[in-house]
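Number of protein chains: 2
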Amino acid sequence: MKKPFINFIFFLLLIFNCRLYASANGDTTGIIPYSKYINDNMPQHIQEFKEFVSIPSLSSLPANKKEVERCAEWLKEKLQAKGLLNAQVLATDGHPVVFAEWNKAKGKPTVLIYGHYDVQPVQEAMWNSLPFVPKEENGRIYGRGASDDKGGVVVAIWAIEAMLKKDGSLPVNIKFLFEGEEEIGSPHFTQFVTTHKDLLKADYAYSVDAFQKSDTEPEMVMSVRGAATMEFTLKTANRDLHSGVFGGKLPNAAQILSQLVATLHDADGKVAVEGFYDTVQPMTAEEKAMAAHAPYDEQKELQEYGATLFSGEKGYTSVERVWYRPTLDVTGMWSGYTAEEGFLNIVPGSAHCRIMCRLVANQQSDEIITQIKKHIATHLPEGVTITYKDLGGFANDAAKFSTSTDAFKAAFSVLTKLYGKEPLLMGTGGSNAAVGIMMKQLNLPMYSFGFLQEDENYHSHNEFMRISDLKKGQYAFCMLLKYIGEKK
Amino acid sequence: MKKPFINFIFFLLLIFNCRLYASANGDTTGIIPYSKYINDNMPQHIQEFKEFVSIPSLSSLPANKKEVERCAEWLKEKLQAKGLLNAQVLATDGHPVVFAEWNKAKGKPTVLIYGHYDVQPVQEAMWNSLPFVPKEENGRIYGRGASDDKGGVVVAIWAIEAMLKKDGSLPVNIKFLFEGEEEIGSPHFTQFVTTHKDLLKADYAYSVDAFQKSDTEPEMVMSVRGAATMEFTLKTANRDLHSGVFGGKLPNAAQILSQLVATLHDADGKVAVEGFYDTVQPMTAEEKAMAAHAPYDEQKELQEYGATLFSGEKGYTSVERVWYRPTLDVTGMWSGYTAEEGFLNIVPGSAHCRIMCRLVANQQSDEIITQIKKHIATHLPEGVTITYKDLGGFANDAAKFSTSTDAFKAAFSVLTKLYGKEPLLMGTGGSNAAVGIMMKQLNLPMYSFGFLQEDENYHSHNEFMRISDLKKGQYAFCMLLKYIGEKK
Numbered sequence: 001m002k003k004p005f006i007n008f009i010f011f012l013l014l015i016f017n018c019r020l021y022a023s024a025n026g027d028t029t030g031i032i033p034y035s036k037y038i039n040d041n042m043p044q045h046i047q048e049f050k051e052f053v054s055i056p057s058l059s060s061l062p063a064n065k066k067e068v069e070r071c072a073e074w075l076k077e078k079l080q081a082k083g084l085l086n087a088q089v090l091a092t093d094g095h096p097v098v099f100a101e102w103n104k105a106k107g108k109p110t111v112l113i114y115g116h117y118d119v120q121p122v123q124e125a126m127w128n129s130l131p132f133v134p135k136e137e138n139g140r141i142y143g144r145g146a147s148d149d150k151g152g153v154v155v156a157i158w159a160i161e162a163m164l165k166k167d168g169s170l171p172v173n174i175k176f177l178f179e180g181e182e183e184i185g186s187p188h189f190t191q192f193v194t195t196h197k198d199l200l201k202a203d204y205a206y207s208v209d210a211f212q213k214s215d216t217e218p219e220m221v222m223s224v225r226g227a228a229t230m231e232f233t234l235k236t237a238n239r240d241l242h243s244g245v246f247g248g249k250l251p252n253a254a255q256i257l258s259q260l261v262a263t264l265h266d267a268d269g270k271v272a273v274e275g276f277y278d279t280v281q282p283m284t285a286e287e288k289a290m291a292a293h294a295p296y297d298e299q300k301e302l303q304e305y306g307a308t309l310f311s312g313e314k315g316y317t318s319v320e321r322v323w324y325r326p327t328l329d330v331t332g333m334w335s336g337y338t339a340e341e342g343f344l345n346i347v348p349g350s351a352h353c354r355i356m357c358r359l360v361a362n363q364q365s366d367e368i369i370t371q372i373k374k375h376i377a378t379h380l381p382e383g384v385t386i387t388y389k390d391l392g393g394f395a396n397d398a399a400k401f402s403t404s405t406d407a408f409k410a411a412f413s414v415l416t417k418l419y420g421k422e423p424l425l426m427g428t429g430g431s432n433a434a435v436g437i438m439m440k441q442l443n444l445p446m447y448s449f450g451f452l453q454e455d456e457n458y459h460s461h462n463e464f465m466r467i468s469d470l471k472k473g474q475y476a477f478c479m480l481l482k483y484i485g486e487k488k
Numbered sequence: 489m490k491k492p493f494i495n496f497i498f499f500l501l502l503i504f505n506c507r508l509y510a511s512a513n514g515d516t517t518g519i520i521p522y523s524k525y526i527n528d529n530m531p532q533h534i535q536e537f538k539e540f541v542s543i544p545s546l547s548s549l550p551a552n553k554k555e556v557e558r559c560a561e562w563l564k565e566k567l568q569a570k571g572l573l574n575a576q577v578l579a580t581d582g583h584p585v586v587f588a589e590w591n592k593a594k595g596k597p598t599v600l601i602y603g604h605y606d607v608q609p610v611q612e613a614m615w616n617s618l619p620f621v622p623k624e625e626n627g628r629i630y631g632r633g634a635s636d637d638k639g640g641v642v643v644a645i646w647a648i649e650a651m652l653k654k655d656g657s658l659p660v661n662i663k664f665l666f667e668g669e670e671e672i673g674s675p676h677f678t679q680f681v682t683t684h685k686d687l688l689k690a691d692y693a694y695s696v697d698a699f700q701k702s703d704t705e706p707e708m709v710m711s712v713r714g715a716a717t718m719e720f721t722l723k724t725a726n727r728d729l730h731s732g733v734f735g736g737k738l739p740n741a742a743q744i745l746s747q748l749v750a751t752l753h754d755a756d757g758k759v760a761v762e763g764f765y766d767t768v769q770p771m772t773a774e775e776k777a778m779a780a781h782a783p784y785d786e787q788k789e790l791q792e793y794g795a796t797l798f799s800g801e802k803g804y805t806s807v808e809r810v811w812y813r814p815t816l817d818v819t820g821m822w823s824g825y826t827a828e829e830g831f832l833n834i835v836p837g838s839a840h841c842r843i844m845c846r847l848v849a850n851q852q853s854d855e856i857i858t859q860i861k862k863h864i865a866t867h868l869p870e871g872v873t874i875t876y877k878d879l880g881g882f883a884n885d886a887a888k889f890s891t892s893t894d895a896f897k898a899a900f901s902v903l904t905k906l907y908g909k910e911p912l913l914m915g916t917g918g919s920n921a922a923v924g925i926m927m928k929q930l931n932l933p934m935y936s937f938g939f940l941q942e943d944e945n946y947h948s949h950n951e952f953m954r955i956s957d958l959k960k961g962q963y964a965f966c967m968l969l970k971y972i973g974e975k976k
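Chains H and S, in that order, give the protein sequences. For the record, in the first sequence the residue sitting at position 376 is 376 according to the numbering used here, with numbers rising by one throughout. All you need for the numbering used here is the position in the second sequence, starting with 1, plus 488.
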């Protein structure tokens, strides 16, 4: 073949290749200056990532306290090595927080990036490979925390590394805030935030503990619910008593608990605790539209979970109930003889109950707990004593995000460019302590900007992170910071 | 000293001794003909009793099936050796029944004596001595089953042995009926009774699985409650689900169970199941008087059991509630996360409940179960499935005894003579399957006539039988059979 023809074929292949690359990685967006660095460094970044994932930073296990601390130190050193400043491991009454910043973009806004370096416990027997010996397979890295949230953390750091290497500076100021207690409900995060308000001051904030819908569908979380939890025990006697001797005269603790629980909701599925809805904002038209637009197949979900019917508060769809309405759920309840087999002829002398509320803006978790305790006191019959158990943590406030902030617009625009389509705006029924705390204490909306995916077995066995998302996340952060830097 | 004087002193001592003896053993009652035999044979009877108690006839443990059978054989051979006729080990679909009779008192009534040779399980670690190595100490024999009901069984047999030895005959016809499944709710006793109606025909019937109030206070049980038990599971999903993702839209199984349980009673503490009280007889004036007369210190009991209040069905005293009114009690209930420690953010997809009713004459346990199932079906919301678990056994009918039968009069008269005071007439809130079955199937009231005492740790550790009661019981049975034989 003649050379010009071959050249032409190569040219066509190059174009085709670029299109493939662009469609896979969204690389049509002006991040080309960093993509070579990002790609060239993937092998060593993956090594670094495996090192990070191999540290068993299980925040819930007291025995792993040293490992959590080792992980924080590791992270601080990496941040320093990448060129970040003031890298610190900041003590709390629990596990430490890792902080670092880059503050030389004079006159430019400050972007705070939140993530967490602690991980969930493991049931090692259920894993196909050891959870703290990361394994690369089929374009994925398997290991505890690979997705939640160590994979979230590294992409933001590597993006900044790429920009600093390439440009010697950043288009904005950066603050990294990596928590070590996310998986245990962030019990010391409020305290940390309130005592470090200046340090955490920022114009924009994003959480990398966040998901995209799929490889091709972006999403942004526009609200998280808060949480309030409680546990109590009712007592009618100092032990369970023989039902022949006491049946009929001893108040039955199991029945009293049931009667009490039955008062917590009305016939329309509304929570019947006085004041519960006082601060709840009605859904806006925009929110209603968002819920209606959410991809959701109720029939499929019912089938998967062996349910015949979803129900709940009257007047709302399933999606609206989960995104925008507060709930009160008994999460556990036990009384009397509860062994799988057998039967005991007793009148239970005590009954136990755990309750979790999912809250929405502007409900306050402590106020809600007070209201429920008052409700219980009002409805408890004579002859019954109640004791509450302190659960620690699991008390978060809800947060709701506006679509009119610069932070929202920046993320929305970048995701739209990167994926070639607008992100789905999603509510979520779950809670995120840090998001609620940052909103409440600093009035700082922390938008989701993370590249994990829901199918990555976080909180379960065989957790993994997609290598393609480790790349895509870096592009996204480079684009985001450039976007913000250029805007102001 | 002169001989006449010494003789006089001896005479006085003899009188005094007799008085002591009489007051201790009630021996003023015409049983003198047997008392020498009874007393002389106590040492070897105690040996025999220890042999009986040493057989671990635990009916609830499948592993002990052979021991239960060995115990039945042992008992049959003893009955034969004592001169009883037609001694048999009669098979059932469970553990066997031991039967024997003495049927040569022509024209005289037949007295059926019921007891059981099976025993409760043991928690050996809690015993001071081995439960199946009987130990004599301080006038007591310790061992599992010593009181309940092997001690009950032997006194009746020994009494008949004494009468047969002394007189060569009995004043009445006797039928012994010793069950091997009392401690597991007599699951095959109805079947046994209905297929052996002729064999069990009798004019008088007494149960030796029965108590006296104390060493000096006799009692008779005038009613037992029946029992009906059930267990069910409610399901709203095939697993517990994340309360963030499902809280608000998934019906909460724990709450639905609570709401259901709350419908089972009304505000007055009455069972709200339709038809539940339809066959219940109102208290008679005699019964009300009996309850008022019962020795009962509510304050003391409240204190002992750490309760602040006894309550129950409106309009009845505590004693009346337990003796004469039916109940519906949740005996066990569990749903969701029930571990002692921790917290799980779930909406329970299932909830479990066990219920026990104590019934009174003429409620039928199977009808009551049907009524409750109907109530549940009516009150269960959409989207919930229910499955019932077969518990086997624990379905007994209540029985109530008349004070105008010859059998009552005989026992009442004998106890009055033996203790020097009239027996307390007591109801009981407990159930006794055999009593209910004999009443229902044979219309045969089986009066309590046993010499166990409530403090003997039956069903608990360090169970014991008083040697004095092993004697007193023999006197009582000799007196009873003579009384009955002379009356007709």
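Don't be surprised by glycine CBs; every beta carbon is placed ideally from N, CA and C.
Check: Which residues, taken in chain order from the segment 858-877 of chain S, show a beta carbon closer than 9 Å to some beta carbon of chain H?; Outcome: Pro869, Glu870, Gly871, Val872, Thr873
Check: Since Val643 of chain S and Asp606 of chain S are thought to touch, with beta carbons under 8 Å apart, how far apart are those beta carbons, to the nearest angstrom?; Outcome: Actually they do not touch by this definition, with Cβ atoms about 18 Å apart.
Check: Identify the contact partners of Gln522 of chain H in chain S, using a Cβ-Cβ distance below 7 Å as the criterion.; Outcome: No information on residue 522 of chain H is available, as it lies outside the stretch 1 to 488 that chain H covers here.
Check: Consult DSSP for Tyr522 of chain S and reduce its assignment to one of helix, strand or coil.; Outcome: helix
Check: Taking only runs that begin and end inside the segment 522-607 of chain S, name each unbroken alpha helix (DSSP H) of 4 or more residues, in chain order.; Outcome: 553-569
Check: So what does DSSP say about Met614 of chain S, is it helix, strand or coil?; Outcome: helix
Check: Which residues in the same chain have their Cβ closer than 6 Å to the Cβ of Asp266 of chain H, if we skip the five residues on either side of it in sequence?; Outcome: Ala272
Check: Which two residues bound the contiguous alpha helix (DSSP H) that contains Ser492 of chain H?; Outcome: Since the first and last residues shown for chain H are 1 and 488, residue 492 of chain H lies out of range.
Check: Where does Lys909 of chain S sit, in a helix, a strand or coil, going by DSSP?; Outcome: coil
Check: If you measure from the beta carbon of Thr327 of chain H to each beta carbon in chain S, is any gap under 7 Å?; Outcome: yes
Check: Which residues of chain S have a Cβ atom closer than 8 Å to the Cβ of Tyr287 of chain H, listed in chain order?; Outcome: The displayed chain sequence assigns Glu, not Tyr, to residue 287 of chain H. Going along chain S, no residue has its Cβ under 8 Å from Glu287 of chain H, so there is no contact; the nearest lies around 15 Å.
Check: Give the straight-line distance between the Cα atoms of Phe52 of chain H and Ile157 of chain H, rounded to the nearest whole angstrom.; Outcome: 13 Å
Check: What alpha helix (DSSP H) runs, 4 residues minimum, are completely inside the segment 143-217 of chain H?; Outcome: 152-167, 189-195
Check: Determine the DSSP secondary structure at Met718 of chain S, reduced to helix, strand or coil.; Outcome: strand
Check: Ser402 of chain H to Phe477 of chain H, Cα distance in whole Å?; Outcome: 21 Å
Check: Cβ of Pro470 of chain S less than 7 Å from any chain H Cβ?; Outcome: The requested residue 470 of chain S is not part of the displayed model; chain S covers only 489 to 976.
Check: By the 10 Å Cβ neighbour count, where 16 or more other Cβ atoms means buried, how is Gln532 of chain S classified, buried or exposed?; Outcome: exposed
Check: Where Met479 of chain H and Ala262 of chain H are concerned, what is the direct C-alpha to C-alpha distance, given to the nearest angstrom?; Outcome: 53 Å
Check: In its own chain, which residues sit with a C-beta less than 6 Å from the C-beta of Thr216 of chain H, not counting the 5 before and 5 after it?; Outcome: none
Check: For Tyr21 of chain H, name the three-state secondary structure that DSSP assigns.; Outcome: Confidence in Tyr21 of chain H is poor, its pLDDT being 42 and thus under 50, which makes the residue's placement unreliable; the coordinate value appears in the next sentence. In the structure shown, Tyr21 of chain H sits in a helix (DSSP, three-state: H, G or I).
Check: Taking Val245 of chain H as the query, report the chain S residues whose CB atoms sit under 9 Å from its CB, ordered along the chain.; Outcome: Val810, Thr916, Gly917, Gly918
Check: Put Val848 of chain S into one of helix, strand or coil per three-state DSSP.; Outcome: coil
Check: In angstroms with no decimal places, state the Cα-to-Cα distance between Lys638 of chain S and Asn945 of chain S.; Outcome: 14 Å
Check: Ser570 of chain S to Glu649 of chain S, Cα distance in whole Å?; Outcome: In the sequence on display, residue 570 of chain S carries Lys and not Ser. Their Cα atoms are separated by approximately 6 Å.
Check: Around the Cβ of Lys959 of chain S, are there at least 16 other Cβ atoms within 10 angstroms (buried) or fewer (exposed)?; Outcome: buried
Check: What residues are listed by DSSP as bridge partners for Cys966 of chain S?; Outcome: Partner(s): none; Cys966 of chain S has no beta bridge.
Check: Is it right to say Lys235 of chain H is buried, meaning 16 or more other beta carbons lie within 10 angstroms of its own, or is it exposed?; Outcome: buried
Check: Could you work out which residue in H:Phe211, H:Ala294, H:Ser214, H:Glu301 is closest to Arg727 of chain S when comparing CA atoms only?; Outcome: H:Glu301
Check: To the nearest angstrom, report how far apart Val133 of chain H and Ile141 of chain H are at their CA atoms.; Outcome: 10 Å
Check: Compare the C-beta of Val848 of chain S against all C-beta atoms of chain H and say whether one is closer than 7 Å.; Outcome: no
Check: To the nearest angstrom, how far is the alpha carbon of Ser57 of chain H from that of Leu79 of chain H?; Outcome: 18 Å
Check: With respect to the alpha helix (DSSP H) encompassing Phe889 of chain S, which residues constitute its N-terminal and C-terminal limits?; Outcome: From DSSP, Phe889 of chain S is part of no alpha helix (DSSP H); its letter is neither H nor E.
Check: Taking a Cβ distance cut-off of 7 Å, strictly less, list which residues of the segment 84-117 of chain H are near chain S, in chain order.; Outcome: none
Check: Check the Cβ of Pro550 of chain S against every Cβ in chain H and list those closer than 8 Å, keeping chain order.; Outcome: Those within 8 Å of Pro550 of chain S in chain H number zero; the least Cβ separation is about 13 Å.
Check: Does the beta carbon of Gln364 of chain H fall short of 6 Å from some heavy atom of the ligand GTP?; Outcome: Among the ligands in the structure shown, none appear at all, so the ligand GTP cannot be discussed.
Check: The alpha helix (DSSP H) with Lys861 of chain S in it runs from where to where?; Outcome: 853-867
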